Amino acid sequence: MAAGTKRLITVAVVALIVFWAARPVTMQSRASASRIVSLVPALTEMLFAIGAGPQVIAVSSFDEFPPQVKSLPRVGALLDPDMERILALRPDLVLSYGSQTDVQAQLARANIRVFSYRHAGLNGIFTTLKDLGAAVGRPADAERLARDIRGGLDAIQARVRGRPKPKTLLVFERDPASLRSVYVSGGVGFLHDMLGIAGGVNVFADVARESVQPSIETMLARSPDVILEVRATGLLAAADVAQAKRVWGALASVPAVKQGRIEILTGEHLVVPGPRVVQGTEAFARALHPDAFK
Amino acid sequence: MNRLRQGALDSVAAANTQAGGELARVVPSPIRTRLLKTMVGFGVLLVVTCLVAPLVGSSPINIARVFDRSIPFSENVDAQIFFIARMPRVVAGVMAGAALATAGVVFQALLRNALATPFTLGVSAGASLGAMLAIVLGATISAGPFSTVPLASLVGASIAAAIVYRLATMQDRAMSTTVLLLAGVTLNSFFSALIMFVQYIADFVQVYRAMRWIMGDLDVGSFEPIIAALPMLAIAFAMFAWLPSSLNLLSVGADAASARGVDVGRTQRLAFVSASLATAAAVSLAGPIGFIGIVVPHLVRLMVGVDHRLVLPASALFGGAFLVLCDLGARTLLAPLEIPVGVITAMLGGPFFLWLLVRKG
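If you're matching them up, the sequences are chains D and H in order.
Note that the first sequence covers residues 1 to 294 in the working numbering.
Note that the second sequence covers residues 1001 to 1361 in the working numbering.
Here is the structure:
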């Protein structure tokens, strides 16, 4: 054999080995996963909703829903994932946030498949569902759930259609006793999208951010018709409502204050962009358009 | 931010002796005339700033409508923006700015160190820890006009100041400025460590809120927090009134001052307590807004010299005007978004601080 041909064969073999070793890990992954660790509550909810609940072996420290997750092991969350624990559970799929690049790199080294998730608007839920369904081998169930969510949102939108859209200040954080540290939804993100479907106009829609800390001046100037406070945790006591009305009462010229339209909603389902967005959006719509639900 | 402060503090010891020498130059001309001129000059600046600042903001308002009594207040958006949003901010800015600037002057003289700030001795770290705990524990306590976070930060600041004071006065009757400085720096790091620990166990939103508090915020929303801080500031400023002449002598050195009849121990205690009180009040009102306490005193010294009889009142006036102007930038530059006012003062103050360091070197 000529020396040239020999070298060619060697190069080809080496190249083959290199390509094989460097192939993306996900390419060889099975179409389904039997041991899933979820670090993202929204994704955990989606898994249970598409019937992949039994495959979930551990969840993040923030997971609360569905009730079955309460008995599952906790492996940290966005900032403090417990890598050792995750590896010890021998998962074959880990659902993580897109920003957890270190976690993803470590898992890749351990040859564990990673599903990367990033928060996006309401439409992000549908793309995530599609990808997630494919990743866990339940594309049909995922598609059905996506259809249900879409249908639910459309029904809410139809119900409030034609009604005047109140200018709404969507508050998700505030110092309990004052108007300091107020955080509201800007014109990006699922909360803003939910508000739009529920028949409200976000007064900070022009600010292209998920979260805005408005000054007292801008809140006065934007003069919302409704102030919608969303709280992830805690039960709502009558005293809380009274205190909220008293605190907002400082902005007497705001129509929402004048007309007593300070609506407080509580529940984790309002702030998790998962399958329960329909419930959350309906809660928004009921608060904004009580007449439409009579 | 803490690491930056710490770095600056390391250089404090080095600059120590030089500052004393420079502060010691005594101004010869008749003090009354100079005081009058200085007060009028800086007073006019402050008044003009306070008149202009409430007229400018992120939303245009109609000034005629603001003062139109025929429209009920609850219907008058312009008046509400002027009186509820802007006026308290301006007043809070004047108070916090004046307090931090004068506290800076007093600490620089007390520690005989040109790079000392109101936060050198751990007051801001104590206040931050207090505020952080209040935010994380989610407690709602209030006392009179104080709401939870200001009250907690005030308690934290007082505890920090008390510890430093106790340590520095333990050995003998006069305070040891070296012990003061070292105790302050150590306490700063210790509280920072505690802050990090609390941050780590806290949840996301709480950490974010606490971080935001540390950046400083003058959007107080009503006159209540201002009324809460006012008595403390009044006491602190009344105490400042006793200080200027003694500080002039003290900045030459404790021995020289005592040879000229200054009760050094008493002056040091008065200086420490008054400056700590002013700092604590300012921080509880607006958060630990950085760099005011160093930029303003030095700018004022460049303009009026080193006599504390001029520097102290001029710093109060100029500090108020300076912070109001920084806040004006904070609320208009990125409107409708706000830039935390501490970010603005740090952006102006950081380079200035470095310039000062290089110039000293």
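Beta carbons are placed, not taken as given, at the ideal position from N, Cα and C, and that holds for glycine.
Quantities reported herein were computed from a predicted structural model and do not represent experimental measurements.
- Residues of chain D whose Cβ lies closer than 7 angstroms to the Cβ of H/Asn-1076 are, in chain order, Ser-253.
- Per DSSP, the continuous beta strand (DSSP E) segment holding D/Leu-228 begins and ends at 226-231.
- The C-alpha of D/Arg-161 is placed about 54 angstroms away from the C-alpha of H/Phe-1291.
- Around the beta carbon of D/Ser-71, fewer than 16 other beta carbons lie within 10 angstroms, which makes this residue exposed.
- When DSSP states are grouped into helix, strand and coil, H/Val-1198 belongs to the helix group.
- A straight-line Cα-Cα distance of about 5 angstroms links D/Val-136 and D/Ala-33.
- In this structure, H/Tyr-1165 is the residue among H/Tyr-1165, H/Gly-1156 and H/Phe-1073 with its C-alpha nearest to the C-alpha of H/Gly-1265.
- Assignment of D/Ser-215 by DSSP, reduced to helix, strand and coil, places it in the coil class.
- Unbroken alpha helix (DSSP H) runs of no fewer than 4 residues, entirely contained in the region 1257-1322 of chain H, are found at 1264-1286 and 1292-1304, following chain order.
- Within its own chain, the residues whose Cβ lies closer than 6 angstroms to the Cβ of H/Leu-1154, once the five positions on either side in sequence are excluded, are Ala-1280 and Ser-1284, listed in chain order.
- Going by beta carbons, D/Ser-60 and D/Ala-42 fall outside the 8 angstroms limit.
- Here DSSP, grouped into helix, strand and coil, assigns H/Ala-1101 to helix.
- Residues Val-1123, Ser-1124, Gly-1126, Ala-1127, Gly-1130, Ser-1276, Thr-1279, Ala-1280, Val-1283 and Ser-1284 of the same chain have their beta carbon placed closer than 8 angstroms to that of H/Ala-1157, with the five preceding and five following residues left out of the count.
- Contact note: D/Glu-143 does not reach chain H at a C-beta cutoff of 8 angstroms; the least C-beta distance is about 33 angstroms.
- In the three-state DSSP reduction, D/Leu-93 falls in the strand class (E or B).
- In the displayed model, D/Lys-294 falls within coil according to three-state DSSP, outside both helix and strand.
- At a cut-off of 8 angstroms between beta carbons, H/Gln-1080 contacts chain D.
- Take H/Arg-1209, set aside five residues on each side of it, and the residues of its chain with a beta-carbon closer than 7 angstroms to its own are Ile-1135, in chain order.
- Here D/Thr-5 is exposed, its C-beta having fewer than 16 other C-beta atoms within 10 Å.
- With its beta carbon at least 8 angstroms from every one in chain D, H/Ile-1063 lies outside the interface.
- A direct Cα-to-Cα measurement between H/His-1298 and H/Val-1306 gives close to 9 angstroms.
- For D/Lys-167, the pairing in a beta bridge is given by DSSP as D/Val-201.
- In the three-state reduction of the DSSP assignment, H/Ile-1141 falls in the coil class.
- Between D/Glu-263 and D/Ala-292, the gap from beta carbon to beta carbon reaches 8 angstroms or more.
- In its chain, beyond the 5 residues on either side, Thr-1148 have a beta carbon closer than 6 angstroms to the beta carbon of H/Ile-1141.
- Look at H/Ala-1085: its C-beta is under 8 angstroms from a C-beta on chain D.
- Exclusion of the five residues before and after D/Ala-244 leaves Glu-229, Ile-262 and Ile-264 as the residues of its chain whose Cβ lies within less than 7 angstroms of its Cβ.
- For D/Val-160, the enclosing alpha helix (DSSP H) starts and ends at 139-160.
- Nearest Cα to D/Val-203 within the set D/Met-194, D/Thr-218, D/Phe-190 and D/Gly-189: D/Thr-218.
- Among the residues of chain D, none has a CB under 7 angstroms from the CB of H/Pro-1288; the nearest is roughly 15 angstroms distant.
- Scanning chain D for C-beta atoms nearer than 7 angstroms to the C-beta of H/Ser-1222 yields Ala-250, reported in chain order.
- Within chain D, Ser-215, Glu-217, Thr-218 and Ala-221 have C-beta atoms less than 8 angstroms from the C-beta of H/Ser-1058, given in sequence order.
- Scanning chain D for C-beta atoms nearer than 7 angstroms to the C-beta of H/Leu-1337 yields Val-207 and Val-212, reported in chain order.
- Within the region 253-268 of chain D, contact with chain H at the beta-carbon level (separation under 9 angstroms) is assigned to Ser-253, Val-254, Val-257 and Lys-258.
- Contact check for D/Pro-166 and D/Val-226: beta-carbon distance about 5 angstroms, within the 8 angstroms limit, so the pair qualifies.
- When only Cα atoms are considered, H/Val-1341 and D/Glu-173 end up about 21 angstroms apart.
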